[in-house]
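These protein sequence lines are chains A and B, in that order.
In this text, residue positions in the first sequence follow my numbering: the first is 1201, and each later residue adds one.
In this text, residue positions in the second sequence follow my numbering: the first is 10, and each later residue adds one.
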Amino acid sequence: MKIALMGQPNSGKSTIFNHVAGYKAVTSNFPGKTVEYTLTKFKIFGQVIELVDLPGTYSLTSFDLAELEARKYLLNGNVDVVINVVDASLLSRSLELTLQLLELKLPMVICLNMIDEAERKGIRINVEKLSKIFGVPVVPVIAVKGKGIKELFSTAYKMGRKKKITKILNFSKDVEEVIEKLSAQIKEKQISKEFNVPERFLAIKYLENDHYFMENFKSRDKKIFKEINDFQNLLKEVHGRPSDVVISSERHHLSMNIYESVVSLTKPHISLIDYLDNTLMHPILGYISLGLIFYLFFNLIFGVGKIVEEPLLDYFYKLIPLLGKSIDSGTLLFSIMSGIIQGLAGGIAIVLPYLFPFLFGLAILEDLGYLPRIAFLLDAFLHKIGLHGKAIIPFILGYGCTVPAIMATRILESKRDRFIASVLTTMIPCAARMTIIFALVAFYISPQAALAIYILNIIVIIISGKILSRLLPEITPGMILEIPAYHIPSIKVVLAKTWLRMKEFIFVAWPLLIVGSTILSLLQYYKADMLINNLFSPLTSLLGLPFVVGTTLIFGILRKELSMLMLIQAIGTSNVAAVMSTTQIMTFTIFIIFYVPCVATIAVLWKEIGSKRTLFAVAFTFVLAVILATITRFVY
Amino acid sequence: MTITLDSIGENQKVKVVSVTGGWGIRQRLGCLGIHPGDIITIKRSAIMRGPILISVHGNQVALGRGVAGKIIVEVE
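In structure tokens form, the structure reads like this:
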């Protein structure tokens, strides 16, 4: 049996999903974080259930790629039961999607999530009455606390067994007449079969002028297209509004009526967290807080990282001379062993100390609900680079990892915005590059120098954004973004999310690090690194970097942090400052930050923006890196 | 008196008259509970012609200036 979680953005689908799957889908407090569906399998009553977590969608008319994916899956995914996850504290609005889901005539359960939050807001819901009106079971749930989840799935399972199809709630009489006539036409011409949807659903979508369903006709059958147009005009004439507005108003009124009949309002409880916006979204204090929060965040990462890095590094580099005592240092075995030790050391001593505090802090900001507030504060600035406020969300996620950040550009509506945001996202120093900035620049030069790199990086991104938006002069559609209520982050969820993201490093990057260091050891043993270094010598001499750095640059394309660890190995000491001047460290770091995105990023870019634009991004960032690093060499 | 939403000051309550602009924007605003006849409270207005923050049906929504300029409202 296949069960799908469907609901509006930020209604808690992924949180419910994680209860049965373990922490597999990333949850955060901002609308639109799930851009791809995730599957899991579990057992209930001895039967295997396949559960799918779909991206949130406000309606079944789709506007961005994530919403489109949800709808597509629902229409052709052979779903047996739909769990409509509803944020109970936003009941009236959420019911509009519920009404549309009914039209699909699938077995359904309504999951009334966040009932505690609703009660805090003074909304008390009569669950039985709601269930009676819709003719489907309604299960109250508090997903973050795991309350009601068991009952939810056993109810869904029973619905799936019964295959009970939902009833439909009607609009006003004259609108229903038009829908009926159009449905009859659709039935006669057997159009709905090819979309695999009920006639009535399709009729309503046509009256709503849904672009996806309309496009399919325009080119093929002009006659039906004209008929649909006539029906649209009929509604328009009677109501004096475009037919899509007529339908959406009908749905709105219907759900408002249901809302009023099932809800009794009480006095809301106001807590301290409700006053947070008085500071965080204030026209002046908001920006001061933003700067302060990121400054503190920066110091936290450096503070924690430095304390841990120093003793760990010392420890590991005592190991290699020890190794030399038992194995002859001229042998191949010694080369391989020391390569492995250096790879291990790089992971434990250099990367993890900075990665953990960073990911932990990011998870707290995400779960609190701060990201949409940043989008609000920075909307005006992002317009200056041809984007709008929502683009800040992929940018901030980019400080974690570029791959999910590029996926997150799907929340942007226009193709052009997605392209610009994707290219700019590749330039944001991800956690891998962050460890380079902290472990090299902050550690050997000064924390101020590291901060300066971040500021320089932002300036370069702004300038690049200006250039790209000049090349593609199209007006951004403008921001429409829900600002969700704050939630106090749960320590358990924050840790689970941090772990999920660290796993990527531990299981993918780290083995690669160890393999990389071993390969480098072998290259050095057979003197093959000279060949590569010679090949790169025009670049390294232009940037004024040591000759041996050449080889490390190749590794950086695999994973950015490899470059630094290979650097330490290539120059043959963990004390970088003994071999490289501060200018060289700075030049090296600037080059690594900007040049060619890593392999994983290139792959996701290829998928999201196409091959040509990916090649453009690669070339663009490479040229930029050479220019910036050359300037650094002579200026710093 | 009808006026566009972007020219309303903070802490005012208004009623939506209509949404100008195309199908896409009408639909997207509708999804967030902004239809003709709905009551909106303007909660904040960002500096430098930044977005405005509104409250509608107990929910907060940020709207860019350009978007707000397409919503025709009536001051109660």
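For every residue, glycine included, the Cβ atom is placed at its ideal position computed from N, Cα and C.
Being a predicted model, the structure only gives us computed values, none of them experimental.
Boundaries (first-last residue) of the beta strand (DSSP E) holding residue i
i	result
Cys1311 of chain A	1308–1313
Ile81 of chain B	80–84
Thr1602 of chain A	Not the beta strand (DSSP E): Thr1602 of chain A falls in the alpha helix (DSSP H), residues 1602–1608.
Ala1403 of chain A	Run containing Ala1403 of chain A: none in the beta strand (DSSP E); it sits in the alpha helix (DSSP H), 1399–1407.
Pro1647 of chain A	No beta strand (DSSP E) contains Pro1647 of chain A, which is instead part of the alpha helix (DSSP H) from 1647–1671.
Glu1839 of chain A	This structure leaves residue 1839 of chain A out entirely; chain A is present only between 1201 and 1836.
Glu1250 of chain A	1247–1253
Asp1287 of chain A	1281–1287
First through last residue of the alpha helix (DSSP H) which encompasses residue i
i	result
Val1551 of chain A	Unbroken run through Val1551 of chain A: none, as it is neither H nor E.
Met1702 of chain A	1691–1703
Asn1839 of chain A	For chain A, the structure presents residues 1201 to 1836; residue 1839 of chain A sits outside this window and is missing.
Phe1395 of chain A	1392–1395
Ile1803 of chain A	What sits at residue 1803 of chain A in the sequence shown is Ala, not Ile. Taken as a continuous stretch (DSSP letters only), the alpha helix (DSSP H) holding Ala1803 of chain A covers 1799–1809.
Lys1436 of chain A	1422–1439
Asn68 of chain B	Here Asn68 of chain B belongs to no alpha helix (DSSP H); instead the beta strand (DSSP E) covers 68–72.
Leu1330 of chain A	1327–1334
Arg53 of chain B	Note, Arg53 of chain B: premise wrong, no alpha helix (DSSP H); beta strand (DSSP E) at 48–54.
Leu1743 of chain A	Segment: none, Leu1743 of chain A is in no alpha helix (DSSP H) and carries neither H nor E.
Val1462 of chain A	1443–1462
Ser1185 of chain A	This structure cannot speak to residue 1185 of chain A, because chain A is shown only from 1201 to 1836.
Pro1572 of chain A	1570–1584
Ala1266 of chain A	1265–1276
Asn1478 of chain A	1476–1480
Met1764 of chain A	1760–1771
Ser1717 of chain A	1710–1725
Ala1204 of chain A	Taken as a continuous stretch (DSSP letters only), Ala1204 of chain A belongs to no alpha helix (DSSP H), being part of the beta strand (DSSP E) at 1202–1207.
Residue i, buried or exposed, once every other Cβ within 10 Å from all chains shown has been counted against 16
i	result
Leu1496 of chain A	exposed
Pro1307 of chain A	buried
His1588 of chain A	buried
Ile1809 of chain A	buried
Arg1573 of chain A	buried
Lys1405 of chain A	buried
Glu1248 of chain A	A small correction: the amino acid at residue 1248 of chain A is Val; Glu does not occupy that position in the sequence shown. Under this definition Val1248 of chain A is an exposed residue.
Ala1545 of chain A	buried
Pro1594 of chain A	buried
Asp1421 of chain A	exposed
Ser1262 of chain A	buried
Tyr1726 of chain A	exposed
Ala1270 of chain A	buried
Gln1769 of chain A	buried
Gly1491 of chain A	exposed
Ser1292 of chain A	buried
Phe1834 of chain A	exposed
Arg1670 of chain A	exposed
Whole-number beta carbon distance between residue j and residue i, since they are thought to touch under 8 Å
i	j	result
Ala1563 of chain A	Val1694 of chain A	4 Å
Gly1716 of chain A	Phe1747 of chain A	At roughly 20 Å, the Cβ-Cβ gap does not stay under 8 Å, so Gly1716 of chain A and Phe1747 of chain A are not in contact.
Ile1683 of chain A	Val70 of chain B	7 Å
Trp1591 of chain A	Ala1621 of chain A	The residue you asked about is not Trp; residue 1591 of chain A is Ala in the sequence shown. Between Ala1621 of chain A and Ala1591 of chain A the Cβ distance is about 5 Å, and since that is below 8 Å, they are a contact.
Met1730 of chain A	Pro60 of chain B	Rounded, the Cβ-Cβ distance is 57 Å, inconsistent with contact.
Arg35 of chain B	Val1445 of chain A	6 Å
Listed by chain order, chain E residues near residue i by CB distance under 7 Å
i	result
Thr1261 of chain A	Of the protein chains in the structure, A and B, none is chain E.
Subject >> Cβ contact (3+ pairs, closer than 8 Å) linking the stretch 1757–1764 of chain A and the stretch 1709–1720 of chain A >> reply: yes
Original post:
Which of the residues in the stretch 10–43 of chain B, read from start to end, lie with their CB under 7 Å from any CB of chain A?
Top reply: If the cut-off is 7 Å between Cβ atoms, the stretch 10–43 of chain B has Trp32, Gly33, Arg35, Gln36, Arg37, Leu38, Gly39, Cys40, Leu41, Gly42 near chain A.
Original post:
Residues in the stretch 1263–1296 of chain A with C-beta within 8 Å of chain B's C-beta atoms, listed in sequence order?
Top reply: Phe1263, Ser1289, Leu1290, Ser1292, Arg1293, Glu1296
Original post:
Using a beta-carbon distance cut-off of less than 7 Å, what residues from the stretch 1308–1322 of chain A approach chain B?
Top reply: Cβ contacts with chain B come from Lys1321.
Original post:
Can you find at least 3 beta carbon pairs, one from the stretch 1544–1557 of chain A and one from the stretch 1503–1516 of chain A, that sit closer than 8 Å?
Top reply: yes
Subject >> Cβ contact (3+ pairs, closer than 8 Å) linking the stretch 1207–1214 of chain A and the stretch 1273–1289 of chain A >> reply: Judged by Cβ distances under 8 Å, the stretch 1207–1214 of chain A makes contact with the stretch 1273–1289 of chain A, as three or more pairs qualify.
Original post:
If we count Cβ pairs, one from each stretch, closer than 8 Å, do we get three or more for the stretch 1600–1609 of chain A versus the stretch 1724–1742 of chain A?
Top reply: no
Original post:
Which residues, in chain order, does the stretch 57–82 of chain B contribute to contact with chain A at a C-beta distance below 8 Å?
Top reply: Met57, Arg58, Gly59, Pro60, Leu62, His66, Gly67, Asn68, Gln69, Val70, Ala71, Leu72, Gly73, Arg74, Gly75, Val76
Original post:
When Cβ atoms are compared, which residues of the stretch 1576–1587 of chain A fall closer than 9 Å to chain B?
Top reply: Phe1576, Leu1577, Leu1578, Asp1579, Ala1580, Phe1581, His1583
Original post:
Three or more C-beta pairs closer than 8 Å, one from the stretch 42–50 of chain B and one from the stretch 1658–1666 of chain A: is that the case here?
Top reply: no
Original post:
Are the stretch 1303–1322 of chain A and the stretch 1225–1238 of chain A touching, with three or more C-beta to C-beta distances below 8 Å?
Top reply: no
Subject >> chain B contacts from the stretch 1204–1229 of chain A (Cβ-Cβ distance under 7 Å) >> reply: Cβ proximity to chain B below 7 Å picks out nothing from the stretch 1204–1229 of chain A.
Original post:
What residues in the stretch 1664–1696 of chain A bring their beta carbon closer than 9 Å to a beta carbon of chain B?
Top reply: Ile1675, Thr1676, Pro1677, Gly1678, Met1679, Ile1680, Leu1681, Glu1682, Ile1683, Pro1684, Ala1685
Subject >> Segment contact flag, the stretch 1568–1583 of chain A with the stretch 1637–1654 of chain A, C-beta cutoff 8 Å, min 3 pairs >> reply: No: the two stretches stay apart, fewer than three of their Cβ pairs being nearer than 8 Å.
Subject >> Proximal residues, the stretch 1466–1499 of chain A versus chain B, C-beta separation under 7 Å >> reply: Met1481, Pro1483
Original post:
For the stretch 1340–1347 of chain A against the stretch 1395–1414 of chain A, are there 3 or more C-beta pairs whose distance is under 8 Å?
Top reply: no
Original post:
For the stretch 1522–1535 of chain A against the stretch 1779–1788 of chain A, are there 3 or more C-beta pairs whose distance is under 8 Å?
Top reply: no
Original post:
Which of the residues in the stretch 1392–1422 of chain A, read from start to end, lie with their CB under 7 Å from any CB of chain B?
Top reply: Asn1409
Original post:
Would you call the stretch 1482–1492 of chain A and the stretch 1611–1621 of chain A touching, i.e. three or more CB-CB distances under 8 Å?
Top reply: no
Subject >> Residues of the stretch 1758–1769 of chain A whose Cβ lies closer than 9 Å to any Cβ of chain B, in chain order >> reply: Hits within the stretch: zero.
Original post:
Going along the chain, which residues of the stretch 1427–1461 of chain A sit with their C-beta nearer than 7 Å to a C-beta in chain B?
Top reply: Asp1444, Val1445, Ser1448, Ser1449, His1452
Subject >> Residues, ordered as in the chain, of the stretch 1242–1262 of chain A that lie near chain B by beta-carbon distance below 8 Å >> reply: Tyr1258, Ser1259, Thr1261
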